[in-house]
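Student: Residue numbers (full-length UniProt numbering): 1 to 294.
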């Protein structure tokens, strides 16, 4: 069984869609823990939150080993979907500085098959922590969204990540969406962006494009892969789709080094998550059965 450690903040979320408002546990670590535990991965989650919100941890699967790091405040997000387009989201947030430092991590990092970094703000996982992990010679997979996020009147906006080169030299894979990719590099050609970002360290650059699938560039094969999106049976809850894609891709990467196979698997897992409210609740058999129909 693969063994992963995931690192990042837990959030208290409010989601507004189709006239409905509901509250939930959120954060990339939450969505990824659900994916990985349901896909037969031994998961350890290093999570930042406030002690008064400790009950949010009850939403995690029972087989996830949780290492909570308590701070004064928990990060809060409001995700507003103004129409039926799951790619169109307005975000508001309250973002305290709750950095995960090297001394907060377990001593046996070398025993893990991969480390998934899940920052939601620039201060969540400092470069010193990433460099510390790198010295254990364990693959680092980064969801980079947090490093581009800034707040303007509590509204989340994206700004260029000016020193990303210093971070990417420690990373084997980077996961971003197409808007983040364009903000990072200043180009609109995704294949060019993937190629350029790979020169700074990552062997694979995975760019998700919502209902248009994903674009993956591999510096090993020197090839760009176009991954299709699968049409959902219904669209229920798009929050956490990028996090879901990243976790599913990382899981499949334990079985194959082929980016296309990993991308297609991750695309189906994301589709199945989109069809229901909350985190992914399927399993490998269900995913493979759905893939067998295409």
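Backbone N, C-alpha and C fix where the C-beta goes; we use that ideal spot for every residue, glycine too. All values derive from a computational prediction rather than experimental measurement.
Tell me which same chain residues have a C-beta within less than 6 Å of the C-beta of residue 132, skipping the five on either side of it?
Tutor: 102
Student: For residue 253, which three-state DSSP category applies?
Tutor: In the structure shown, residue 253 sits in coil (DSSP, three-state: anything other than H, G, I, E or B).
Student: Grab me the residues of residue 299's own chain with a C-beta within less than 8 Å of its C-beta, minus the 5 sequence neighbours each way, in chain order.
Tutor: Any question about residue 299 goes unanswered here, given that the chain covers just 1 to 294.
Student: In the DSSP assignment, find the unbroken alpha helix (DSSP H) run with residue 23 in it and report its ends.
Tutor: Counting along the chain, residue 23 falls outside any alpha helix (DSSP H), though it belongs to the beta strand (DSSP E) covering 20-26.
Student: Bridge partners of residue 90, per DSSP?
Tutor: 80, per the DSSP bridge assignment.
Student: Tell me the DSSP secondary structure of residue 154 in three-state form.
Tutor: coil
Student: Who are residue 60's beta bridge partners in DSSP?
Tutor: DSSP lists no partner for residue 60.
Student: What's the C-alpha gap between residue 94 and residue 238?
Tutor: 21 Å
Student: Which of the three DSSP states, helix, strand or coil, is assigned to residue 211?
Tutor: helix
Student: Tell me residue 143's beta-bridge partners as DSSP assigns them.
Tutor: 175
Student: By alpha-carbon positions, which one of 176, 134, 182 and 177 ends up nearest to residue 169?
Tutor: 134
Student: Out of 278, 284 and 76, which one is the CA nearest neighbour of residue 48?
Tutor: 76
Student: Would the segment 31-40 and the segment 246-254 be scored as touching if the rule is three or more Cβ pairs under 8 Å?
Tutor: yes
Student: Per DSSP, what kind of secondary structure is residue 290 in: helix, strand or coil?
Tutor: helix
Student: What does the Cβ neighbour count give for residue 177, buried or exposed, with the cut at 16 atoms within 10 Å?
Tutor: buried
Student: Would residue 243 be called buried (16 or more neighbouring beta carbons within 10 Å of its own) or exposed?
Tutor: Buried, since its Cβ has 16 or more Cβ neighbours within 10 Å.
Student: Are residue 327 and residue 14 closer than 9 Å when you measure CB to CB?
Tutor: Here the chain comprises residues numbered 1 to 294, so residue 327 is not present and cannot be evaluated.
Student: Leaving aside the five residues before and after residue 155 along the sequence, list all residues of the same chain whose C-beta is less than 6 Å from its C-beta, in chain order.
Tutor: 92
Student: Considering only the alpha carbon of each residue, which of 236, 58, 22 and 172 lies closest to residue 84?
Tutor: Residue 236 is the option with its Cα nearest to residue 84.
Student: Quick one: give me the first and last residue of the alpha helix (DSSP H) that residue 274 is part of.
Tutor: Taken as a continuous stretch (DSSP letters only), the alpha helix (DSSP H) holding residue 274 covers 259-274.
Student: Does the structure place the segment 147-167 close enough to the segment 179-186 that three or more beta carbon pairs sit under 8 Å?
Tutor: yes
Student: Whole angstroms is fine: what's the gap from residue 263's alpha carbon to residue 227's?
Tutor: Their Cα atoms are separated by approximately 6 Å.
Student: For residue 69, collect the residues of the same chain with a Cβ closer than 8 Å to its Cβ; drop the 5 residues on either side in sequence, then sort them by chain order.
Tutor: 46, 47, 48, 49, 98, 100 and 104
Student: Within 10 angstroms of the Cβ of residue 295, are there 16 or more other Cβ atoms? Answer buried if so, exposed if not.
Tutor: Outside the modelled stretch of the chain, which goes from 1 to 294, sits residue 295, for which no answer is possible.
Student: Per the DSSP calculation, residue 49 is bridged to which residue(s)?
Tutor: 70
Student: Closest to residue 284 by CA distance: which of 40, 27 and 222 is it?
Tutor: Ranked by Cα distance from residue 284, the options 40, 27 and 222 are led by 40.
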